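Shown next, in structure tokens, is the structure this report addresses.
In the UniProt record's numbering, the protein residues as written are 1 to 154.
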């Protein structure tokens, strides 16, 4: 500051960060396996539905990320139907407000319709099996309701 040494560093914060990093490293392998299991549990529930596609590589992916595309539903209607129970997004923060389909999903071969009808689930350290099961159940029932409504005569 003003050509002189910086201010006094806040030692408790530095020690706290070091402790947090140490704990994260100690638990990383176990937590990664647990979160991966939750993500795969969620995917297995959706895979039973039909017309649901996992976006991205089946195994070479972030452990807490599941992005799916769903046939026969409007993506925005699905997000609205889910928001009262779970927090999901239609994509990354930098693209979720755009009205164009994801160029990334289209680059991996998804049609514009499927790219529009994609949602992303994030699973983290504090999520549990019952929460994942609730998310799956509510998402599946919402998808089924939207598909049924889409086939009703006008």
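In this text, a Cβ means the ideal position worked out from N, Cα and C, and glycines have one as well. Here the structure is a predicted model, which means the values were calculated and not measured.
Q: Output the distance between the C-alpha atoms of residue 15 and residue 9, rounded to the nearest integer angstrom.
A: 11 Å
(Q) Excluding the 5 residues flanking residue 75 on each side, which residues of the same chain have their C-beta closer than 8 Å to its C-beta? (A) Within its own chain, the residues whose Cβ lies closer than 8 Å to the Cβ of residue 75, once the five positions on either side in sequence are excluded, are 90, 116, 117, 118, 119, listed in chain order.
Q: Take the Cβ of residue 84 as the centre, count every other Cβ of all protein chains shown within 10 Å, and call the residue buried at 16 or more, exposed below.
A: Under this definition residue 84 is an exposed residue.
Q: Alpha carbon to alpha carbon, how far is residue 49 from residue 151? Give it in angstroms, no decimals.
A: Each residue's alpha carbon lies about 17 Å from the other.
Q. Can you tell me whether DSSP reads residue 140 as helix, strand or coil?
A. Under the three-state reduction of DSSP output, residue 140 falls in the helix class.
Q) Name the DSSP bridge partner or partners of residue 171? A) The chain is shown from 1 up to 154; residue 171 falls before or after that span and cannot be answered.
(Q) In whole angstroms, give me the CA-to-CA distance for residue 131 and residue 100. (A) Between residue 131 and residue 100, the alpha-carbon positions lie close to 31 Å from each other.
**Q.** Residue burial classification, residue 136 (beta-carbon count within 10 angstroms, cutoff 16)
**A.** buried
Q: Please classify residue 123: is it buried, with 16 or more other beta-carbons within 10 angstroms of its beta-carbon, or exposed?
A: buried
Q.
Does residue 21 come out as helix, strand or coil in the three-state DSSP assignment?
A. helix
(Q) Rounded to whole angstroms, what is the Cα-Cα separation between residue 34 and residue 107? (A) 30 Å
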